């Protein structure tokens, strides 16, 4: 954490003193999770989980437009799980942009991919798993990024000198594994005690007619740890293997259709496996008199990794089907809904999500989410969440 604070201080100090435009914003949100059942494991709290979110947003751009700086600190204070109370510098970087080249240094967030239900090729940032289990929240990744856009496409290289460990709920938290994951005991390949090996990545992207194409390469510490048994039965030790991964993401746009595909080949110390997610989104435009749009989604998830947790990071997406819908009212309040569920094609285990958001005035946003788990087979990883179905209400004020 101290390294990340120091990074933001150095970036602020490096901003030229010759003027430019500053834009400072912030948000504060209150959130209440309500779980429908008592926890499945000893020590878990039972029902309510209140918390407070705070996020800042500082942006600066030079008069010439060639330089810009972004600093986004984030904090959550949780009333039930001490592990979920945490601070992170989501972004703190300085960027130079030329006619065809861009260089960015500091902590940043990067997103790769096109799929809705699973982000296979997206591997730069570590996930902030105490926020939620949907892999949408990311920790800031220290990096040097160099990118160029040419007639033949965009190519971007990344050098990442520091590794971010995945966050995990505490023993009193929900949405967790049966034991406590002890990050202080985390282990890495090649004798690196703190994961300080340098990671590298390269990505090429281009638009070819109706096709969006992305090719990626990554070599370094996996963002998905294996969870190894600790010194006692209730402790897991995360182990971050060195991996090499190549990825492909494709999106084909034709009228109201979006066809999406992500696939990877990952080489680990134990195995080389393939994984893929693909499907479509079809949008019905103007389904109401007020101009609302309804999108229907379907994606298939495959993952060929080993089922042995000692040799592979755990996953629930090995042979699953996602079906969902998205409704955008296209009103002045930006009201939208998203819902869907994933079904295991082998044992019928189901997980689902319904979420909605609406803006009130210029500064308030209300969000509602409900995550549920049903028919969880005892042999499915999803069974650890079998009693964690919950409802979340979040109100955020933006400044």
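In my numbering, the protein residues as written are 8 to 406.
The beta-carbon is built from N, C-alpha and C at its ideal position, and this holds for glycine as well.
Please read these numbers as outputs of a predicted model, since none were measured by experiment.
Presumed contact (8 Å Cβ cut-off) between residue 90 and residue 170, rounded CB distance:
On the chain shown, position 83 is the one that residue 90 refers to. On the chain shown, position 163 is the one that residue 170 refers to. That pair is no contact at about 19 Å.
What number of angstroms, rounded off, separates the C-alpha of residue 178 from the C-alpha of residue 186?
The count along the chain shown starts at 1 and reaches residue 178 at position 171. The count along the chain shown starts at 1 and reaches residue 186 at position 179. Cα to Cα, the separation comes out at about 7 Å.
Quick one: measure Cβ to Cβ for residue 98 and residue 79, integer angstroms, because I've assumed they're closer than 8 Å.
Taking the first residue of the chain shown as 1, we reach residue 98 at position 91. Taking the first residue of the chain shown as 1, we reach residue 79 at position 72. Indeed, because the Cβ distance is near 4 Å, the residues count as touching under 8 Å.
Identify which residue in 133, 149, 213 and 184 has its Cα closest to the Cα of residue 158.
Residue mapping note: residue 158 aligns to position 151 of the chain shown, counting from 1. Taking only the C-alpha atoms, the option nearest residue 158 is 213.
Along the beta strand (DSSP E) that carries residue 397, what are the first and last residues, could you check?
To locate residue 397, count along the chain shown from 1; it is residue 390. It spans 397–405 - the beta strand (DSSP E) in which residue 397 sits, taken as one unbroken run.
Helix or strand or just coil, what does DSSP make of residue 190?
Along the chain shown, one-based indexing puts residue 190 at 183. Here residue 190 sits in helix by DSSP.
When the Cα of residue 375 is compared with those of 361, 306 and 388, which residue comes out closest?
Counting from 1 along the chain shown, the entry for residue 375 is found at position 368. With distances taken between Cα atoms, residue 375 lies closest to 361.
Whole angstroms is fine: what's the gap from residue 229's alpha carbon to residue 38's?
In the chain shown, the residue the question calls residue 229 occupies position 222. In the chain shown, the residue the question calls residue 38 occupies position 31. For residue 229 and residue 38, the distance between alpha carbons rounds to 31 Å.
Between which two residues does the beta strand (DSSP E) carrying residue 352 extend?
As a position in the chain shown, residue 352 is number 345, starting the count at 1. Run containing residue 352: none; DSSP gives neither H nor E here.
If you measure between the beta carbons of residue 33 and residue 72, is that distance less than 8 Å?
For the purposes of this step, residue 33 is identified with residue 26 of the chain shown, where counting begins at 1. For the purposes of this step, residue 72 is identified with residue 65 of the chain shown, where counting begins at 1. Not a contact, by the Cβ cut-off of 8 Å.
Between residue 1 and residue 243, is the Cβ-Cβ spacing less than 8 Å?
One cannot answer for residue 1 here, as it falls past the ends of the chain, which runs 8 to 406.
Fully enclosed by the stretch 39–114, which beta strand (DSSP E) runs are 3 residues long or longer?
55–68, 74–85 and 93–104
Entirely within the stretch 110–178 and at least 3 residues each: give me those beta strand (DSSP E) ranges in chain order.
148–157 and 160–167
Residue burial classification, residue 285 (beta-carbon count within 10 angstroms, cutoff 16):
As a first step, residue 285 must be located in the chain shown, where it is residue number 278. It counts as buried.
Looking at the strands, I want to know which residues DSSP matches up with residue 236.
As a working note, residue 236 is residue 229 in the chain shown. According to DSSP, which records beta bridges pairwise, residue 236 is partnered with 243.
Could you please give me the residues that DSSP links to residue 251 through a beta bridge?
The residue labelled residue 251 in the question sits at position 244 within the chain shown. Residue 251 is bridged to 226 and 274.
For residue 393 and residue 47, believed in contact at Cβ under 8 Å, the rounded distance
Within the chain shown, numbered from 1, the residue matching residue 47 stands at position 40. Within the chain shown, numbered from 1, the residue matching residue 393 stands at position 386. Correct: roughly 6 Å between the Cβ atoms.
Given that a residue counts as buried once 16 or more other Cβ atoms are within 10 Å of its Cβ, and exposed if not, what is residue 265?
Residue mapping note: residue 265 aligns to position 258 of the chain shown, counting from 1. So residue 265 counts as buried.
Straight-line Cα distance separating residue 353 from residue 324
Taking the first residue of the chain shown as position 1, residue 324 is located at position 317. Taking the first residue of the chain shown as position 1, residue 353 is located at position 346. C-alpha separation (whole angstroms): 11 Å.
Ordered along the chain, which non-local residues of its own chain (more than five positions away) have a Cβ less than 6 Å from that of residue 192?
Within the chain shown, the letter at position 185 stands for residue 192. If we look at residue 192 and ignore the five residues flanking it on each side, its Cβ neighbours are 244.
Within 10 angstroms of its Cβ, does residue 340 collect 16 or more other Cβ (buried), or is it exposed?
As a position in the chain shown, residue 340 is number 333, starting the count at 1. Residue 340 should be labelled exposed.
For chain D, is any of its Cβ atoms less than 8 Å away from the one on residue 359?
Although the question refers to chain D, the structure presented lacks it and comprises just one protein chain.
Looking at residue 56: is its Cβ nearer than 8 Å to the Cβ of residue 194?
By 1-based counting over the chain shown, the position of residue 56 is 49. By 1-based counting over the chain shown, the position of residue 194 is 187. No; because the gap between Cβ atoms is not below 8 Å, this pair is not in contact.
Are the CB atoms of residue 108 and residue 155 nearer to each other than 8 Å?
Here residue 108 is taken as the residue at index 101 of the chain shown, counted from 1. Here residue 155 is taken as the residue at index 148 of the chain shown, counted from 1. It is a contact, given that the beta carbons lie within the stated cut-off.
Skipping 5 residues on each side, what residues in its chain have a beta carbon closer than 6 Å to that of residue 253?
If you number the chain shown from 1, residue 253 lands on position 246. Contacts found: 224 and 272.
For residue 345, which residues from the same chain have a beta carbon less than 6 Å from its beta carbon, with the 5 sequence-adjacent residues on both sides left out?
Within the chain shown, residue 345 is the residue found at index 338, counting from 1. Result list for residue 345: 333 and 362, in chain order.
C-alpha distance - residue 267 paired with residue 260, whole-angstrom precision:
As a working note, residue 267 is residue 260 in the chain shown. As a working note, residue 260 is residue 253 in the chain shown. One C-alpha to the other measures close to 9 Å.
Beta-carbon proximity list for residue 293, same chain, < 8 Å, skipping 5 on both sides
Sequence index remark: in the chain shown, residue 293 carries index 286 (1-based). Cβ within range, chain order: 299 and 300.
Residue 313 versus residue 387 - alpha carbon distance
To locate residue 313, count along the chain shown from 1; it is residue 306. To locate residue 387, count along the chain shown from 1; it is residue 380. Going by the C-alpha atoms only, they are around 14 Å apart.
Once the 5 residues before and after residue 65 are set aside, which same chain residues still bring their CB inside 6 Å of it?
As a first step, residue 65 must be located in the chain shown, where it is residue number 58. Contacts found: 31 and 78.
According to DSSP, simplified to helix, strand and coil, what is residue 392?
Working through the chain shown from its first residue, we reach residue 392 at position 385. Three-state DSSP puts residue 392 in a helix.
DSSP on residue 196, reduced to helix/strand/coil?
Walking along the chain shown from the start, residue 196 turns up at place 189. Residue 196 falls in the helix class under three-state DSSP.
Rounded to whole angstroms, what is the Cα-Cα separation between residue 137 and residue 51?
On the chain shown, position 130 is the one that residue 137 refers to. On the chain shown, position 44 is the one that residue 51 refers to. Spanning the two alpha carbons is a distance of roughly 14 Å.
Give me the Cα-Cα distance between residue 270 and residue 368, rounded to the nearest whole angstrom.
In the chain shown, residue 270 corresponds to position 263, counting from 1. In the chain shown, residue 368 corresponds to position 361, counting from 1. Whole-angstrom Cα-Cα distance: 42 Å.
Just mark residue 419 as buried or exposed, buried being the case when its beta carbon has 16 or more other beta carbons within 10 Å.
The displayed coordinates of the chain run from 8 to 406. Any statement about residue 419 would go beyond what the structure contains.
Could you check the C-alpha separation between residue 94 and residue 84 for me, to the nearest Å?
Locating residue 94 in the chain shown gives position 87, counting from the first residue. Locating residue 84 in the chain shown gives position 77, counting from the first residue. Straight-line Cα distance between these residues: approximately 9 Å.
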